[in-house]
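A.B. asks: Got a structure for you, questions after.
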Amino acid sequence: MGTHLGRLWASSALAATLTTAATAQCEIQHFEGYSNGLNGVVMFRQPSFSGTTSGFLAYTGACSSGPNCAQISLERNRTPSGSRALKVVWRFNGNPRAWLRLTTNNTLYYGNPTISFQRRLSLWLYVPSDTPDFYLTLGVRETQTKAACGANGGATGGIEWVGATQGSATSPPIGKRISQKDRWVQVVFDLPNEPVLPFAGDANAILDGRTGVLEHLAFTPVDPADTRPYTVYIDDIRVLPNESDPVDPPWIFGLHEPGGEFAAVAEGKRIWILFTEALGADPNNQTGRDYRPYTNSGHGVIVRLNYGYHPNGTLPPSAQYANFAQRVANFVRNSHGAHIWIIGNETNLPVEWPGGESGEPITVARYVQVFRMCRDAIRSIPGHEDDWVCAAPVGTYAPPFPQYGIPGFLDYWAQMLEAIGAEQDGIILHAYTHGSDPNNIFSETRMQPPYDQVYLHFRVYRNLLSRVSPSLRHLPAFITETNQGEPWTNTNNGWIKNAYREIHTWNQNPANQAIWGVCLYRWPQIDPYYIEGKWNTIQDWREAMRNDYRWRRDAVGDTDGDGCVDDADLLGVLFAFGQRGYTRYDLNWDGVIDDADLLQVLFAFGQGC
């Protein structure tokens with residue numbers, strides 16, 4: 003609903019069709035949402051897969067008949083509200099040079115996951131008492147990837163060993179000794195500061211580039227002569243944020259455009275704010291915008307970058323894509339306080355095309371072309387190398403426009419995300435109801451054939467997320483537009499409270515893609531869908547914000563993002579005590595680190611550990 007016209011077009015066109023036819027931190031993997039027993043396809047291959055080390059194994063047959071497994075298991079779990087972990091089982095044959103290369107090479111789900119070489123990687127292990135001690139080393143491949151954290155970063159490039167003090171192509175790596183048993187143990191690899199040894203290809207004992215992929219975990223026996231079976235459970239693999247990384251508000255509340263922040267502040271909350279900018283395509287235009295007044299007040303900023311609005315188009319004609327990408331880069335370079343960007347809006351709708359329906363359609367191929375140009379341009383700017391650049395949301399409920407090569411909204415959406423692939427950083431959605439009945443939020447009603455699998459109301463967000471590739475479901479999702487599908491009725495009828503309760507409930511299941519923010523459309527009195535001045539509607543929103551609905555599933559006292567509230571979190575708050583500003587140590591997000599934050603750590607101490 004980036005424009006009122008866009009919303010009207012989607013609704014009226016779909017209605018006509020039915021009448022005739024009758025979107026820091028990076029949590030890579032916690033192994034939820036997969037079938038129990040699934041073997042060798044979720045992030046890691048089974049132990050015998052790598053020819054480098056299969057000769058050191060006593061058994062290389064089927065997992066069902068012996069120790070050669072990397073399978074989803076219900077026996078252990080570390081993820082809050084979760085039920086699964088990856089169970090890895092193998093047995094060495096007594097060779098004095100034995101080690102196991104547990105590789106991620108082109109796995110069906112989360113193969114070759116991208117990690118940052120400038121941050122720490124954390125994973126949790128549970129080792130039963132009858133498993134011998136071993137050394138753990140991280141094998142990383144230098145792919146020079148542009149993929150998002152956790153996404154497939156490719157399978158070519160040299161491989162370095164991280165955390166090993168000994169090892170070569172002919173001798174096993176000696177990394178971190180794992181000797182604690184019968185409890186979950188966190189293992190952290192501080193990639194910028196760990197020892198590095200070359201393993202394969204053009205490796206040179208230096209981590210080249212900013213990012214690469216987690217190619218394997220190397221398990222080396224402390225005593226190679228001990229040939230008892232090894233069982234290791236793995237869970238909660240994530241890249242931890244740096245101290246200097248942006249910190250966003252912890253709650254899911256938000257608005258389309260600024261102006262209503264006072265209502266959130268009155269309830270002790272800070273919100274996500276969606277800004278929308280018309281940039282044009284002048285490559286010499288160097289203007290930007292300062293969003294720091296909002297981020298310095300604790301709010302999160304998401305910026306949608308448009309060429310213009312109807313009839314000029316959310317994106318320019320394709321002949322101007324290069325100029326537009328340069329203009330985008332200029333704007334980002336000269337803006338401050340933002341790190342999340344959306345390229346265009348509802349590009350499947352004719353009203354958003356340059357020139358409208360009589361202009362140039364924004365086909366999936368055209369959108370993918372301009373998106374890649376803009377993302378590359380943004381991430382080439384110093385200080386913005388890790389910015390999140392997100393694909394445009396689709397115009398929800400829009401029918402196909404076959405005469406222009408535009409499929410229906412779900413197919414356009416899926417084709418666009420699939421074509422962009424690993425080089426996108428968040429998922430952006432629009433979800434609405436058809437009418438102001440608060441029960442529409444939870445409605446299971448579907449549309450009429452041939453759209454009878456599509457939710458008629460708010461739960462259309464589930465249809466959209468179901469079309470996201472499994473390899474992208476760790477990315478943050480945002481609903482940047484939602485309303486009742488008609489002007490707000492200025493009643494406190496619970497519609498808004500229900501909307502946030504629905505998303506909070508969704509987020510409690512760790513198998514679901516987390517939705518970080520829900521922005522009500524819209525605050526200012528620009529079109530009939532405004533909220534400003536509708537005090538009963540605002541009261542509904544305020545009452546929703548009296549709930550502690552957070553997008554993070556970890557305990558509130560976890561300041562460093564590793565999922566465990568421990569001494570490091572306590573010390574972090576103590577060292578920052580008295581400081582002002584919205585930082586990771588400001589746990590109640592009120593702008594000052596004080597007794598309240600310290601108490602949150604103390605009350606949560608030990609959770610997730």
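Just so we're on the same page, the working numbering is the position in the sequence shown counted from 1, plus 2. Just so it is clear, CB atoms sit at the ideal spot from N, CA and C, and this is done for glycine as well.
Hey, is the region 57-76 in contact with the region 198-210, meaning 3+ C-beta pairs nearer than 8 Å?
C.D. replies: No, because fewer than three Cβ pairs between the region 57-76 and the region 198-210 fall closer than 8 Å, the two stretches do not touch.
A.B. asks: Can Trp543 and Trp518 be called in contact, C-beta distance under 7 Å?
C.D. replies: Start at 1 with the first residue of the sequence shown, and residue 543 comes out as number 541. Start at 1 with the first residue of the sequence shown, and residue 518 comes out as number 516. Here Trp543 is not near Trp518, since their CB atoms are 7 Å or more apart.
A.B. asks: With C-beta atoms as the reference, is Val234 less than 7 Å away from Leu123?
C.D. replies: Counting from one through the sequence shown, the residue named residue 234 turns up at place 232. Counting from one through the sequence shown, the residue named residue 123 turns up at place 121. Here Val234 is not near Leu123, since their CB atoms are 7 Å or more apart.
A.B. asks: Secondary structure at Tyr523, three-state DSSP: helix, strand or coil?
C.D. replies: Reading the sequence shown from its first residue, position 521 is the one you call residue 523. Of the three classes helix, strand and coil, the one that applies to Tyr523 here is coil, per DSSP.
A.B. asks: With a Cβ-Cβ cutoff of 7 Å, do Gly565 and Gly610 count as a contact?
C.D. replies: As a first step, residue 565 is located in the sequence shown; it is residue number 563 there, counting from the start. As a first step, residue 610 is located in the sequence shown; it is residue number 608 there, counting from the start. Yes, Cβ-Cβ distance for Gly565 and Gly610 is below 7 Å.
A.B. asks: Which one or two residues does DSSP pair with Thr582 in a beta bridge?
C.D. replies: As a position in the sequence shown, residue 582 is number 580, starting the count at 1. Note that residue 582 is Arg in the sequence shown here, rather than Thr. Answer by DSSP bridge pairing, in chain order: Val594.
A.B. asks: Excluding the 5 residues flanking Glu77 on each side, which residues of the same chain have their C-beta closer than 8 Å to its C-beta?
C.D. replies: One-based indexing of the sequence shown puts residue 77 at position 75. Counting only Cβ-Cβ distances below 8 Å, and skipping sequence neighbours, we find Ala87, Lys89 and Tyr235.
A.B. asks: What three-state label does DSSP hand Glu483 in the structure shown?
C.D. replies: As a first step, residue 483 must be located in the sequence shown, where it is residue number 481. If DSSP states are grouped into helix, strand and coil, Glu483 belongs with the strands.
A.B. asks: Rounded to the nearest angstrom, what separates Asp242 and Gly385 at their Cα positions?
C.D. replies: Mapped onto the sequence shown, residue 242 falls at position 240. Mapped onto the sequence shown, residue 385 falls at position 383. Residue identity differs from the one stated: residue 242 is Leu in this sequence, not Asp. Their Cα atoms are separated by approximately 18 Å.
A.B. asks: Measuring only from the beta carbon, is Trp591 closer than 6 Å to any heavy atom that is part of the ligand ZN?
C.D. replies: Among the components modelled here there is no ligand, and therefore nothing to report on the ligand ZN.
A.B. asks: Look up Thr539 in the DSSP assignment and say whether it is helix, strand or coil.
C.D. replies: The residue labelled residue 539 in the question sits at position 537 within the sequence shown. Three-state DSSP puts Thr539 in a helix.
A.B. asks: Return helix, strand or coil for Arg381, following the three-state DSSP convention.
C.D. replies: Taking the first residue of the sequence shown as position 1, residue 381 is located at position 379. Three-state result, Arg381: helix.
A.B. asks: Tell me which same chain residues have a C-beta within less than 7 Å of the C-beta of Tyr323, skipping the five on either side of it?
C.D. replies: Residue numbering aside, residue 323 sits at position 321 when the sequence shown is read from its first letter. Excluding positions up to five away in sequence, the list reads Gln371, Val372 and Met375.
A.B. asks: Taking the alpha carbon of Asn538 as the point to measure from, which residue in Glu29, Asn195, Asn494 and Gly407 has its own alpha carbon closest?
C.D. replies: Residue mapping note: residue 538 aligns to position 536 of the sequence shown, counting from 1. Between Asn538 and the set Glu29, Asn195, Asn494 and Gly407, the nearest pair of CA atoms involves Asn494.
A.B. asks: How many angstroms separate the CA atom of Tyr111 from the CA atom of Thr172?
C.D. replies: Taking the sequence shown and counting its residues from 1, the one referred to as residue 111 is at position 109. Taking the sequence shown and counting its residues from 1, the one referred to as residue 172 is at position 170. Annotation: Tyr111 to Thr172 spans about 30 Å, alpha carbon to alpha carbon.
A.B. asks: In its own chain, which residues sit with a C-beta less than 6 Å from the C-beta of Ala598, not counting the 5 before and 5 after it?
C.D. replies: If you number the sequence shown from 1, residue 598 lands on position 596. Counting only residues of its own chain and dropping the five nearest sequence neighbours on each side, Ala598 has a CB closer than 6 Å to the CB of Asn590.
A.B. asks: Cβ atoms of Thr106 and Asn114: under 7 Å apart, would you say?
C.D. replies: In the sequence shown, counting from the first residue as 1, residue 114 sits at position 112. In the sequence shown, counting from the first residue as 1, residue 106 sits at position 104. Yes, the pair counts as a contact, with Cβ atoms nearer than the cut-off.
A.B. asks: Where Asp192 and Arg121 are concerned, what is the direct C-alpha to C-alpha distance, given to the nearest angstrom?
C.D. replies: Here the question's residue 192 lines up with position 190 in the sequence shown. Here the question's residue 121 lines up with position 119 in the sequence shown. Spanning the two alpha carbons is a distance of roughly 6 Å.
A.B. asks: Exposed or buried, Gln602, counting other C-beta atoms within 10 Å across all chains shown (16 or more means buried)?
C.D. replies: Along the sequence shown, one-based indexing puts residue 602 at 600. Buried, because 16 or more other Cβ atoms sit within 10 Å of the Cβ of Gln602.
A.B. asks: Might you give, ordered along the chain, the residues of its own chain that have their beta carbon closer than 6 Å to the beta carbon of Tyr406, omitting 5 neighbours on each side?
C.D. replies: Residue mapping note: residue 406 aligns to position 404 of the sequence shown, counting from 1. Answer for Tyr406: Pro363, listed in chain order.
A.B. asks: Which partner residues does Thr105 have in the DSSP bridge list?
C.D. replies: Sequence index remark: in the sequence shown, residue 105 carries index 103 (1-based). His218, per the DSSP bridge assignment.
A.B. asks: Roughly how many angstroms separate the alpha carbons of Ala41 and Ala72, rounded to a whole number?
C.D. replies: Position 39 of the sequence shown, counted from the start, is the residue given in the question as residue 41. Position 70 of the sequence shown, counted from the start, is the residue given in the question as residue 72. Ala is not the amino acid found at residue 41; the sequence shown has Asn there. Roughly 5 Å separates the two Cα atoms.
A.B. asks: Closest by CA to Glu162, which one among Cys151, Ala379 and Leu219?
C.D. replies: Translated into the one-based positions of the sequence shown, residue 162 becomes position 160. The candidate whose alpha carbon is nearest that of Glu162 is Leu219.
A.B. asks: I think Gln417 touches Cys392, with their Cβ atoms under 8 Å apart; what is that distance to the nearest whole Å?
C.D. replies: Position 415 of the sequence shown, counting from 1, holds the residue named residue 417. Position 390 of the sequence shown, counting from 1, holds the residue named residue 392. Not quite, the Cβ-Cβ distance comes to about 17 Å (not below 8 Å), so this is no contact.
A.B. asks: Are the beta-carbon atoms of Asn325 and Gln288 separated by less than 7 Å?
C.D. replies: In the sequence shown, residue 325 corresponds to position 323, counting from 1. In the sequence shown, residue 288 corresponds to position 286, counting from 1. No, the Cβ-Cβ distance between Asn325 and Gln288 is not below 7 Å.
A.B. asks: Below 8 Å, how does it come out for the region 450-459 and the region 517-533: are there three or more Cβ pairs, yes or no?
C.D. replies: no
A.B. asks: Can you name, in chain order, every residue of its own chain whose Cβ lies under 7 Å from the Cβ of Asp210, other than the five neighbours on each side?
C.D. replies: Residue numbering aside, residue 210 sits at position 208 when the sequence shown is read from its first letter. Same-chain partners within the cutoff: Glu144.
A.B. asks: So, Gly302 versus Trp274, is the Cβ gap smaller than 7 Å?
C.D. replies: To locate residue 302, count along the sequence shown from 1; it is residue 300. To locate residue 274, count along the sequence shown from 1; it is residue 272. Yes, the pair counts as a contact, with Cβ atoms nearer than the cut-off.
A.B. asks: Since Trp92 is in the beta strand (DSSP E), which residue starts that stretch and which ends it?
C.D. replies: For the purposes of this step, residue 92 is taken as residue 90 along the sequence shown, with counting starting at 1. First-last of the beta strand (DSSP E) with Trp92: Ala87 to Trp92.
A.B. asks: Sort out for me which residues DSSP pairs Val396 with in a bridge.
C.D. replies: On the sequence shown, position 394 is the one that residue 396 refers to. DSSP, once it has assigned bridges, lists no residue as partnering Val396.
A.B. asks: Less than 7 Å between the beta carbons of Glu1 and Ala557, yes or no?
C.D. replies: The structure shown does not extend to residue 1, since the chain is modelled only from 3 to 611, so the question has no answer here.
A.B. asks: Between Ala424 and Ile430, what straight-line distance do the alpha-carbon atoms span, to the nearest angstrom?
C.D. replies: Position 422 of the sequence shown holds residue 424. Position 428 of the sequence shown holds residue 430. Rounded to whole angstroms, the separation of the alpha carbons of Ile430 and Ala424 is 15 Å.
A.B. asks: Going by beta-carbon coordinates alone, are Pro231 and Pro49 separated by less than 7 Å?
C.D. replies: As a first step, residue 231 must be located in the sequence shown, where it is residue number 229. As a first step, residue 49 must be located in the sequence shown, where it is residue number 47. No, Cβ-Cβ distance for Pro231 and Pro49 is not below 7 Å.
A.B. asks: Could you tell me the alpha carbon to alpha carbon distance between Arg185 and Thr349, rounded to whole angstroms?
C.D. replies: As a first step, residue 185 is located in the sequence shown; it is residue number 183 there, counting from the start. As a first step, residue 349 is located in the sequence shown; it is residue number 347 there, counting from the start. Distance between the alpha carbons of Arg185 and Thr349 is about 50 Å.
A.B. asks: Quick one: using the 10 Å Cβ neighbour count with 16 as the cut-off for buried, is Glu29 buried or exposed?
C.D. replies: To locate residue 29, count along the sequence shown from 1; it is residue 27. Glu29 should be labelled buried.
A.B. asks: Determine the burial state of Asn500: buried for a count of at least 16 other Cβ atoms within 10 Å of its Cβ, exposed for fewer.
C.D. replies: On the sequence shown, residue 500 is found 498 positions in, with the first residue counted as 1. If you draw a 10 Å sphere on the C-beta of Asn500, you find 16 or more other C-beta atoms in it, and that means buried.
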